[in-house]
Structures are given as C-alpha cells and as structure tokens.
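Accompanying notes for the structure given below.
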Amino acid sequence: MESSIKTDNKGRKKVYNACMEPCAIEKGMRLIGGKWKGSIIYHLKDEPVRFNDLARMLGGASKKMVDQRLKELEDEGMVLRKVISDRPVAVTYELTEFGRTALHILDELRVWSETHDVQINAKQR
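Numbering (full-length UniProt numbering), first residue to last: 1 to 125.
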C-alpha cells in the first residue's frame, strides 16, 4: 500500500501506511544505483569483458573503484567473474540472468537522461 498524509479536523497531519523498510524502488536503487554500477552492467550487456577493457570503457573510474563495484555486483548475483588464465592472471566479467533483467531499466534511464539532457554538478561527480 502507498503511504498517504491526511489532515484531521484540527488541522493536524497524520501519515498512514508509512514505509517501515525500504520500498521496492529504494531496494532496486540500492542494488544498481551505486556509483558506476549501472554503467558497468550496461557495458557487460553484449558479451564477457576483461577487467582492463572494462576499466578503459569507464574512463572516469579508477581501477580500484571498478574492482570494488564488480565485487559488489558479483556478491549481489548480478555479475559472474570467470578466470580465463592463471599466468598471467586474466578474468572476464559477464552478466548473470538476474543481471540481464536490469538492462531494460538502465536503457530506459539512458533514454530519459538523454531526452532531458540531464546534467550533473561538481558535487555529484
């Protein structure tokens, strides 16, 4: 049920059906809304990508940041890490079936952002 605010006959406001835990939108945003997570998922949409190639695709993110986000996405079941060589160490990342379910949402977000020419300020970078 959605939350609502009603005013009683004395002008006092009361909240009904207040959220006592994160709502579905907040849960989804926590999963894919972390810095660089959406971009990582989007760059993995077509095929497995090696770590260094992915880091290059995300030019504004440090390798440490990319590594952290990939570990989070792996822990959340969105991304699969595959070791393809031990020497030298080479790994690829690809989306799981669960990770693929976020692609439609991210594409809609991309379209919305481009349509409305969404800009970010210095604090958000």
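Beta carbons: idealized from backbone N, C-alpha and C, even for Gly. In this text the structure is predicted, and so the values were computed from the model without any measurement.
**Message:** Can you list, in chain order, the residues of its chain with a C-beta nearer than 6 Å to that of residue 63? Leave out the 5 residues immediately preceding and following it.
**Reply:** If you number the sequence shown from 1, residue 63 lands on position 63. Taken in chain order, the residues that qualify are 55.
**Proximity below 8 Å, CB of residue 33 to CB of residue 69** = For the purposes of this step, residue 33 is taken as the residue at position 33 of the sequence shown. For the purposes of this step, residue 69 is taken as the residue at position 69 of the sequence shown. For residue 33 and residue 69, no; Cβs fall outside 8 Å.
**Asked** In chain order, what residues of the same chain lie with their CB nearer than 7 Å to the CB of residue 65, ignoring the 5 residues before and after it?
**Response** In the sequence shown, the residue the question calls residue 65 occupies position 65. Excluding residues within five positions, the ones whose Cβ falls inside 7 Å are 36.
**Request:** Return the chain-ordered ranges of every beta strand (DSSP E) run that is complete within the UniProt domain "HTH hxlR-type" (23-121) and spans a minimum of 3 residues.
**Result:** 79-85 and 90-95
**Asked** When the distance is taken between beta carbons, is residue 106 closer than 8 Å to residue 60?
**Response** In the sequence shown, the residue the question calls residue 60 occupies position 60. In the sequence shown, the residue the question calls residue 106 occupies position 106. No, Cβ-Cβ distance for residue 60 and residue 106 is not below 8 Å.
**Request:** With a cut-off of 8 Å on the beta carbons, I'd call residue 22 and residue 94 a contact; round off their distance for me.
**Result:** The count along the sequence shown starts at 1 and reaches residue 22 at position 22. The count along the sequence shown starts at 1 and reaches residue 94 at position 94. Not quite, the Cβ-Cβ distance comes to about 28 Å (not below 8 Å), so this is no contact.
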